[in-house]
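Chains as they are written, first to last, in the working numbering: chain A, -2 to 496; chain B, 21 to 259. The C-beta atom is built at its ideal place from N, Cα and C for all residues, glycine as well. Computed from a predicted model, the values in this text were never measured in an experiment. Working notes for the structure below.
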Amino acid sequence: MYEHLETAENAAQLKRVVIDPVSRVEGHGKVTLLLDENNKVQQARLHIVEFRGFERFIQGRPYWELPVLVQRLCGICPVSHHLAAAKAIDQLVGVDPENLPVSADKLRRLLHFGQVMQSHALHFFHLSSPDLLFGFESEQSKRSIIAVLAAFPDIGVQGVKLRKYGQEVIRMVSGKRIHGSGAIAGGINKALTRAERDYLLQDIEQMIAWAQGAVVLIQKVHCSNLPYYDEFAGLRSNYLSLTKSNGALELYHGGIRVKNAEGDTLLDNIDYCQYNQYIHEEVRSWTYMKFPYLLSLGKENGWYRVGPLARVNICDYIDTPLAEAARVEFKAHSQEALVHSTLAFHWARLIEVLHCAESIERLLHDPAILGGELVTKGEKRYEGIGVIEAPRGTLFHHYQVDENDIVTKANLIVSTTSNNMAMNESVRQVAAEYLSGQELTEPLLNNIEVAIRAYDPCLSCATHAVGKMPLQLELVNAQGDLVAKLLKHDTGEFEHAHG
Amino acid sequence: MNKTLSIDGQEIPFEDGQTIMQAATAAKVYIPHLCHHPEFTPHGSCKLCTVKVNGRNCSACTFPAAEGQEVLNNTTDINEDRKKITQMLFVEGNHFCPSCEKTGNCQLQAVAYHLNMLDNHFPLFYPQRAMDASHPEVLIDHNRCIFCTLCVRASQEQDGKNVFALSGRGINKHLIVNTPSGKLKDSALVADDRAAHICPTGAILIKRTGYTIPIGQRIYDHHDISDVSLTTAEAQHDH
Ligand code: SF4
Ligand code: FES
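Written out as structure tokens, the structure is:
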């Protein structure tokens, strides 16, 4: 472990390197490295420099606005926030998950599968495949989806279409490709028409086939680069996700399960409404992102990873056949132990894309999505908690309202927050092992970004700007003078400047 | 012989006592408006219905129709002015369409689309305005009030109550509830009142009904406000 790199003792005398912003992730993040005269890394941190204060913004609003308001948290997985908030406000109108009308439950699941599929496809094909297909230290000009489309046209096009299909599912259920409506307290505002269902059915088989191909591809990339892929930025950690009560992979609704690095089950089938008896959040002065941890293990050891790697690792099985077969191979890779490789996030992510595609097909053949009871209602309550497996991991929404239906308190734990500790640890590890002692170059620095990107962090709700994010690296010497500057313009061009 | 006036060169009949707006609506000519409603005494405050009558700017909702008037309505210049007025209405309050539950059913938004308003143009005021959620069934979000007084008039003229009033002048103008506490819960308003359903924006809302109408089935999803306004019997079209 590299905790000693979180805070250097003599920070003021060290050379400072800043990666700002980290590109090809969602939102605005910045990495700082402090180096000594020999270019040895003494401190490495991922900072979140943007703070939206959403929790306070929501206070004072009527609760039924929540699913629509919170979508604005994120341009990439708005549906996850929409659904987590909807699950929370279901409780405010007295509806527990088991009492939600069957049609509403299935339509929400369909919406969610569409979301996870589009988010994962975007991440893998648009943001990460350049690194994975061309290598982490490949020429900067190659590391974009455009280059992927040129060199691997089939893969590129399939990625774009898988994403598009996920967006179409979202559009059919919620009325818009992003920021639609759909889920309301106690249900959903419309069923699918036959025409909408048939439209989606047309391409689903193709999507399943492509998703299957993508799993084969990532497995090949992973396994032909061993042991590098198993070790790069890897760390042994605890894992947390929802699972079905029978242990199956679950994205929409389930109980909390936690396994430690050895694979022992620490928590299972925990009602997520009790989450704050198990999880606390720590604040650190140098970043806006909090650090959640498991109370039973304490701040030091209680951090955990969430997201595709956690989910595929700790579920007992997947209830769709092709994804299950892929999971079995994934686990065989580690002889049934938990897979700790950070780059295996990509592999797990694509297994989930396959699961989403299969699940969408199953739901499209279910008549419940075409109508029936859509909304129900019970006794008013004053507190609601909604938890969902968002593309990036477990997402918690927790609200309190007053007698006038106005939100008085909100607490959100977004998925990326849960991976905060792990991302920092991965950054420190890569900094120490791959960069330390070397002259810094852009491809080397990309290694750090590759590590961060594996988590698919959504660093804020900033709008998405693939390849457009300007990147700035500054080398500052021990006296604090700027000695060199590397600029990446939003055109993608590089410029070297000297201080 | 019928009396006539012309709007943009088109001969329009009218009857004595009609306003230009009434004559135009009867002849299926749309004049953009927000504070006008055919069932209530005209108020003439929003100025969106401004037309040129024989070369002079007038509010069509209050100006009496008269023989031989030459009215300009749908011209580029006038619509540009109307767009500016709409932009001012937007920046003066807090109108965030994407998350507002009235989106798709809102006349302010629909007029903005009709006038091809693509941005706010003016800097946003971000006024600090409160919300009154005290009533069990009805909510006022003052952030979205444009002071059209339709709720004031509906309460007085149709509900036989006097729940609302405007207070203050200029930029300090605001809607008040006529009760000692100033709270809606202490007023005589009930959810079935006309005043609770008349607001052209998302300022007065029936609680717990937001977002229940799916996208695609809202009033202005597929129809421009000019069509809705002329084809709806009431020529006004909230609920
Ligand atoms: S609350 Fe609505 S109806 Fe009343 S004055 Fe304001 S905008 Fe007009
Ligand atoms: S509609 Fe005539 S002034 Fe408002």
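Residue i versus chain B: which residues are under 8 angstroms apart at the beta carbon?
i	result
residue 66(A)	119
residue 57(A)	151
residue 375(A)	Neighbours of residue 375(A) on chain B: none; closest Cβ ~13 angstroms, over 8 angstroms.
residue 173(A)	235
residue 69(A)	118 and 119
Of all the options the options, which has the alpha carbon lying nearest to the alpha carbon of residue i?
i	options	result
residue 250(A)	110(A), 276(A), 418(A) and 402(A)	110(A)
residue 359(A)	184(A), 182(A), 187(A) and 205(A)	205(A)
residue 416(A)	396(A), 170(A) and 450(A)	450(A)
residue 261(B)	49(B), 59(B), 179(B) and 37(B)	Nothing in the structure corresponds to residue 261(B), since chain B is present only between 21 and 259.
residue 190(B)	37(B), 109(B), 225(B) and 156(B)	109(B)
residue 83(B)	98(B), 67(B) and 219(B)	67(B)
residue 71(B)	102(B), 164(B) and 60(B)	102(B)
residue 287(A)	98(A), 156(A) and 410(A)	410(A)
residue 391(A)	369(A), 234(A), 329(A) and 306(A)	306(A)
residue 345(A)	300(A), 447(A), 401(A) and 211(A)	211(A)
residue 497(A)	296(A), 368(A) and 308(A)	Because chain A here runs from -2 to 496, residue 497(A) falls outside it and cannot be looked at.
residue 497(A)	194(A), 233(A), 424(A) and 364(A)	Any answer about residue 497(A) is impossible in this case: the structure gives chain A only from -2 up to 496.
residue 339(A)	350(A), 364(A), 356(A) and 304(A)	304(A)
residue 347(A)	89(A), 120(A) and 78(A)	120(A)
residue 190(A)	406(A), 366(A) and 80(A)	366(A)
residue 251(B)	49(B), 113(B) and 223(B)	49(B)
Going along chain B in order, which residues have a C-beta closer than 7 angstroms to the C-beta of residue i?
i	result
residue 187(A)	234
residue 84(A)	Correct list: empty, because the minimum Cβ distance to chain B is about 15 angstroms.
residue 178(A)	231, 234 and 235
Buried or exposed: which applies to residue i, given that a residue is buried once 16 or more other Cβ atoms fall within 10 Å of its Cβ?
i	result
residue 379(A)	exposed
residue 150(B)	exposed
residue 274(A)	exposed
residue 362(A)	exposed
residue 183(A)	buried
residue 234(B)	buried
residue 289(A)	buried
residue 26(B)	exposed
residue 199(A)	exposed
residue 136(B)	exposed
residue 483(A)	For residue 483(A), the predicted model reports a pLDDT of 48, less than 50, meaning its position is unreliable; a value from the coordinates is still stated below. Counting Cβ neighbours within 10 Å, residue 483(A) comes out buried, since at least 16 surround it.
residue 53(A)	exposed
residue 169(B)	buried
residue 118(B)	exposed
residue 52(B)	buried
residue 57(B)	buried
residue 42(B)	buried
residue 377(A)	exposed
residue 138(B)	exposed
residue 220(A)	exposed
residue 446(A)	buried
residue 103(A)	buried
residue 310(A)	buried
Taking C-beta pairs closer than 7 angstroms, name the residues in chain A that residue i reaches, listed in chain order.
i	result
residue 230(B)	61 and 62
residue 159(B)	59
Please indicate yes or no: does the CB of residue i lie closer than 6 angstroms to some heavy atom of ligand 2?
i	result
residue 53(B)	yes
residue 353(A)	no
residue 249(B)	no
residue 154(B)	no
residue 117(B)	no
residue 56(B)	yes
residue 78(B)	no
Check whether the Cβ of residue i lies closer than 6 angstroms to any heavy atom of ligand 1, and answer yes or no.
i	result
residue 168(B)	yes
residue 61(B)	no
residue 66(B)	no
residue 221(B)	yes
residue 270(A)	no
Would you mind telling me which residues of chain A sit closer than 8 angstroms to residue i, beta carbon to beta carbon, in chain order?
i	result
residue 122(B)	Residues of chain A passing the Cβ test: none, with the nearest at roughly 11 angstroms.
residue 154(B)	401
Strictly below 9 angstroms CB to CB, what residues from chain B border residue i?
i	result
residue 181(A)	230, 231 and 232
Validate contact between the stretch 237 to 250 of chain B and the stretch 192 to 211 of chain B using beta carbons, cut 8 angstroms, 3 pairs: Look at the beta carbons and you see the stretch 237 to 250 of chain B not touching the stretch 192 to 211 of chain B: under three pairs across the two are nearer than 8 angstroms.
Meets three-Cβ-pair contact criterion under 8 angstroms: the stretch 235 to 251 of chain A and the stretch 309 to 324 of chain A: Contact between the stretch 235 to 251 of chain A and the stretch 309 to 324 of chain A is present, because at least three Cβ pairs lie under 8 angstroms.
contact_flag[the stretch 87 to 102 of chain B, the stretch 140 to 154 of chain B] where n(CB pairs < 8 angstroms) is 3 or more: These segments do not touch.
The stretch 225 to 234 of chain B touching the stretch 181 to 190 of chain B, judged by at least three CB pairs closer than 8 angstroms: Contact fails: fewer than three Cβ-Cβ distances are below 8 angstroms.
Stretch pair the stretch 152 to 166 of chain A + the stretch 60 to 67 of chain A: three plus CB contacts closer than 8 angstroms: Because the criterion of three Cβ pairs below 8 angstroms is not met, the stretch 152 to 166 of chain A and the stretch 60 to 67 of chain A do not touch.
Cβ contact (3+ pairs, closer than 8 angstroms) linking the stretch 77 to 85 of chain A and the stretch 417 to 425 of chain A: Counting Cβ pairs under 8 angstroms, fewer than three are found: no touch.
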